[in-house]
Amino acid sequence: MWILSSDGDFLRGKRIWLKPGKRYLFGRVQAGTTHAINSATISRHHLVIEVGRVQQGDGLHIHARSKLTLTDQKSKCGTIIDGETIKGTTKELSGRDEYSVVLGRYPHPLKIKWCPVVLSFSFGSQEEDPLSHAQSRLEDLDIKTILPYVVDKTTHVVQKKRNTAKGLQALINGKHIVDPAYIEHLVYAATSTELEREEALCPLELDFDAAWPDPTKHLPPRGKETTDLPDSAYEPQLERLDVFEGYTFVFCDSSRFEELQGPITNGHGKALLFKVEPEKNTPQELIDYMTRASGNKGLARDLDGSGGVLLVQPRKKRHEKWFERFENEVGRLTGQRSIEPGEFLDSILRNNASKLYRPYKPLVVEEPTAQSQDQVMEDPEELAPSRLAATSTRAVTTEETQKSRRPTKRTRTQQTYVPKFKDFDDGFDMESIPVYTLEAEDVPEEPSQTTAMNSMPDQSVQDQEMSDVDDGVSELLPGATAMKQHFNGRTRRAATPPPQPPPKSKRPKLDVIKAVRQHREAEDRAAMARWEEEETAAIVDGMDLSRIQNLAIIEEMPVLEKARPDRPSNGDGDRWDDRWNGRKNFKKFRREWRTVAVQHKDTSYHCSTKKEG
């Protein structure tokens with residue numbers, strides 16, 4: 046962008062932008078000129094500065110510039126351009142970044158300087174053509190839009206997040222980080238408020254420094270950064286140019302090496318690549334490479350974090366467990382942990398890379414306690430009732446559940462009935478069965494288990510009485526007594542029904558996939574609404590609404606009203622003859638201004654008259 050400045054009074058210390066495709070006339074009088082200079086040696090129309098239009102595609106080339114042409118309007122004293130005098134001729138300026146122009150004998154020369162504005166964009170890999178929109182908006186303004194970060198050329202980095210590789214380069218080199226909404230603010234500052242006048246000046250042509258959008262107010266929103274520093278910490282600082290001096294960073298994968306090599310080298314650091322192949326390389330091989338790379342300096346542990354060699358964590362797309370074991374072993378042998386890529390941002394903002402070094406801490410694996418081991422070694426027959434009670438906690442109260450989960454409680458106040466045959470003793474506790482209320486529609490009525498349990502003690506009493514009566518017979522006939530006892534046992538076994546499992550409580554089936562999809566759609570809608578609000582707020586923020594209102598063209602036009610003829614109050618016109626009053630209307634003539642109601646009335650009157658006749 047070509048910027049004009051002068052120490053004279055006509056600009057009042059301001060810098061103005063020379064917009065491509067426009068002509069600027071300098072002279073002594075105010076009428077008809079763009080800038081008037083009060084000096085006797087300057088002609089009325091002295092000099093014309095013309096800026097050529099930007100060629101298509103030049104917005105992608107950082108070295109392309111719009112043409113600058115100076116034409117002397119046959120002035121009396123002529124014009125001096127860098128020591129060369131022109132009078133009535135034209136000179137095209139090219140090959141230099143700054144020019145000095147003297148009009149007549151005016152003591153303050155005009156200074157024309159090329160100030161490049163290059164925006165480097167950081168977009169995701171999924172976007173097909175990220176520069177198409179920005180190029181269409183900024184190319185005509187002589188602003189360059191590129192994808193890579195070019196040192197000493199890039200002035201702004203446009204990105205949606207704060208922590209990116211290009212953003213780290215911008216912070217180290219003292220450049221600004223802005224969000225995509227900054228583009229619209231640039232276009233607004235380069236647009237005139239009077240669109241119908243081609244010679245009207247935009248805000249940048251009136252005062253470049255005051256109208257240029259402030260980059261610090263367009264910082265990308267916060268994300269998952271590990272730093273808690275305020276927004277003011279992201280302002281450019283040239284002191285960060287040597288933030289990584291004395292440090293060497295070793296990478297294990299090429300993708301992360303290519304991504305962070307730029308910020309590290311810009312900060313006077315060194316980045317090295319040691320490709321690690323899973324299941325092939327050993328931790329000792331990497332440690333030997335780090336030792337050779339350190340030379341006489343040693344690792345970061347040896348220098349207490351003031352320099353040395355540090356390891357950067359690789360991407361773990363595959364073989365995650367192997368890489369975790371590999372990193373832990375390297376950290377244990379070197380005594381320092383590896384660096385996460387997200388930690389570079391905080392060290393750059395603080396201009397202190399010593400925070401990247403941290404001593405290695407081994408992973409703590411929790412071992413089972415003695416109490417838990419004792420519980421595992423307990424008798425499984427004692428734990429069986431508690432496990433069964435834990436499955437029925439949904440139907441019993443909280444107090445009963447806590448009692449059923451105590452495996453160490455051995456004594457009971459009331460002893461339940463225990464069958465004589467041990468073949469059916471599976472550790473089942475009848476008291477732990479909750480009482481369920483079943484509906485008649487779902488399950489047919491059956492005798493309850495409580496009735497069966499109550500009948501069991503009665504059967505035991507009867508058996509005891511029978512045994513007392515037959516004591517005398519059993520002594521005489523021991524074989525018959527044994528057969529009788531065996532037969533009674535089979536009968537009791539058949540009469541005793543096996544314990545029924547508790548019925549499962551009915552629950553409505555939950556469609557997990559549908560619920561997850563609904564939840565995801567709700568989150569997407571909420572995120573889209575927040576994004577639209579942020580975009581709207583970012584566009585409206587900083588705009589002058591009064592200037593926007595002035596863009597509308599308002600014209601007043603007179604509205605002609607139609608003159609209506611005067612109507613008489615009785616509905617008769619000028620052609621009505623009073624002699625016609627009272628006569629019959631045989632030919633069905635109608636009055637000119639008669640309303641619908643009157644017509645209906647006359648029609649009904651004639652019909653009734655005809656009926657009477």
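Taking the working numbering, the leading residue of the sequence shown gets 46, the next gets one more, and so forth.
For glycine and all other residues, C-beta sits at the position ideal for the given N, C-alpha and C.
Length of the line joining the Cα atoms of residue i and residue j
i, j, result
"lysine 121", "glycine 72", "12 Å"
"aspartate 333", "asparagine 326", "12 Å"
"arginine 86", "glutamate 243", "Residue 86 is actually threonine in this sequence, not arginine. Distance between the alpha carbons of threonine 86 and glutamate 243 is about 30 Å."
"proline 193", "arginine 301", "16 Å"
"glycine 149", "phenylalanine 55", "15 Å"
"glutamine 180", "lysine 400", "40 Å"
"glutamate 365", "threonine 272", "26 Å"
"arginine 57", "valine 147", "17 Å"
"threonine 209", "arginine 337", "30 Å"
"glutamate 577", "leucine 596", "25 Å"
"valine 745", "alanine 234", "Lying before the first or after the last residue shown, residue 745 is absent from the chain, which here runs from 46 to 658."
"serine 50", "alanine 255", "14 Å"
"aspartate 197", "isoleucine 599", "48 Å"
"aspartate 174", "valine 203", "15 Å"
"valine 375", "asparagine 397", "25 Å"
"aspartate 127", "lysine 59", "22 Å"
"arginine 363", "valine 354", "26 Å"
"glycine 140", "leucine 246", "28 Å"
"asparagine 626", "arginine 620", "13 Å"
"aspartate 117", "lysine 156", "16 Å"
"tyrosine 227", "aspartate 391", "25 Å"
"isoleucine 131", "glycine 123", "6 Å"
"arginine 659", "tyrosine 402", "Residue 659 is absent from the structure shown; the chain starts at 46 and stops at 658."
"histidine 230", "glutamate 579", "15 Å"
"glycine 133", "tyrosine 69", "16 Å"
"phenylalanine 296", "glutamate 369", "15 Å"
"phenylalanine 371", "glycine 343", "21 Å"
"glutamate 137", "isoleucine 584", "39 Å"
"alanine 440", "alanine 527", "Here alanine 440 scores only 37 on pLDDT, less than 50, and its place in the model is too uncertain to base an answer on."
"glutamate 388", "threonine 261", "23 Å"
Residues sharing a beta bridge with residue i, DSSP
i, result
"isoleucine 61", "Leu49"
"valine 163", "Lys189"
"proline 404", "Gln381"
"arginine 68", "Glu95"
"serine 145", "Lys156"
"isoleucine 125", "Thr130 and Val147"
"lysine 136", "Leu115"
"leucine 356", "Val295"
"alanine 109", "According to DSSP, which records beta bridges pairwise, alanine 109 is partnered with nothing at all."
Close Cβ partners of residue i (< 7 Å) along its chain, the five nearest in sequence each way excluded
i, result
"valine 74", "Ala81 and Arg89"
"tryptophan 62", "Met46, Ile48, Leu249, Glu250 and Phe253"
"phenylalanine 360", "Note that residue 360 is arginine in the sequence shown here, rather than phenylalanine. Closer than 7 Å at the Cβ level, and outside the excluded window around arginine 360, lie Asp298, Ser300 and Arg301."
"valine 96", "Trp47, Leu63, Lys64, Pro65, Gly66, Lys67, Ser111 and Leu113"
"glutamate 284", "Asn396"
"leucine 331", "Phe319, Val321 and Val375"
"proline 413", "With a pLDDT of only 41 at proline 413, under 50, the local geometry of the prediction cannot be trusted, and the value read off the model is given with reservation. Excluding positions up to five away in sequence, the list is empty."
"lysine 211", "Ser165, Ser167, Tyr194, Val202 and Gln204"
"glutamate 385", "Gln358"
Cβ neighbour criterion (16 or more within 10 Å) applied to residue i
i, result
"threonine 190", "buried"
"histidine 201", "buried"
"proline 275", "exposed"
"glutamate 290", "exposed"
"valine 195", "exposed"
"aspartate 187", "buried"
"isoleucine 309", "buried"
"leucine 605", "exposed"
"histidine 106", "exposed"
"proline 323", "exposed"
"histidine 564", "exposed"
"leucine 240", "exposed"
"glutamate 566", "exposed"
Own chain partners of residue i with C-beta closer than 8 Å, once the 5 adjacent residues on each side are dropped
i, result
"glutamine 286", "In the sequence under discussion, the amino acid at residue 286 is leucine, which differs from the glutamine named in the question. Contacts found: Ile217, Asn218, Gly219, Asn311, Gly312 and His313."
"tyrosine 405", "Gly376, Arg377, Thr379, Gly380, Gln381 and Arg382"
"leucine 264", "Arg207, Ile222, Val223, Asp224, Asp276 and Tyr279"
"glutamate 303", "none"
"glycine 268", "Lys206, Arg207 and Asn208"
"aspartate 142", "Lys158 and Trp159"
Own chain, CB closer than 6 Å to residue i, minus 5 neighbours either side, in chain order
i, result
"lysine 315", "Thr293"
"phenylalanine 634", "none"
"histidine 153", "Ser51, Asp52 and Gly53"
"alanine 215", "Val202 and Ile222"
task: Please list the segments of the alpha helix (DSSP H) lying wholly inside the segment 195-250, counting only runs of 4 or more residues, in order along the chain.
output: 210-217 and 227-234
field: Segments of 4+ residues assigned as alpha helix (DSSP H) that fall wholly inside the segment 292-343
entry: 299-311 and 328-339
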